[in-house]
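**Q** Letter 51 of the sequence shown, counting from 1, is numbered 254 in my numbering, and no numbers are missing. Even glycine gets a Cβ: it sits at the ideal position worked out from N, Cα and C.
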Amino acid sequence: TLVTKKEYPKEKDVVGKEPRIGVFVCHCGINIGSVVNVPKVVEYAKGLPNVVYAEQNLYTCSQDTQKKIREMIEKHDLNRVVVAS
């Protein structure tokens, strides 16, 4: 069948831990990218307190990008995430 059961990762206990924030900014093709300077937003985000990772994506809603975000959460041990799309 085409129906799949959703599996969610185990929640991290972040009590008492420093925030490790990841920021993911979407171009949404040209919908956002034509009016927002996405690379500048990403560079600005990188300078914010506790932001340890920031990137731009063409389509954050795509399965490939969502998989990549999950990988970056693990790789950079992120405990908070901002998706701007």
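(1) Using only CA atoms, which one of V286, V285 and L281 lies nearest to E214?
(2) Put Y256 into one of helix, strand or coil per three-state DSSP.
(3) Grab me the residues of V285's own chain with a C-beta within less than 6 Å of its C-beta, minus the 5 sequence neighbours each way, in chain order.
(4) Determine contact between the region 218–234 and the region 265–283, defined as no fewer than three beta-carbon pairs at a distance below 8 Å.
(5) What are the residues that DSSP puts in a beta bridge with G219?
(6) I need the DSSP call for I224, collapsed to helix, strand or coil.
**A** According to the structure shown:
(1) L281
(2) strand
(3) V226
(4) yes
(5) DSSP lists no partner for G219.
(6) strand
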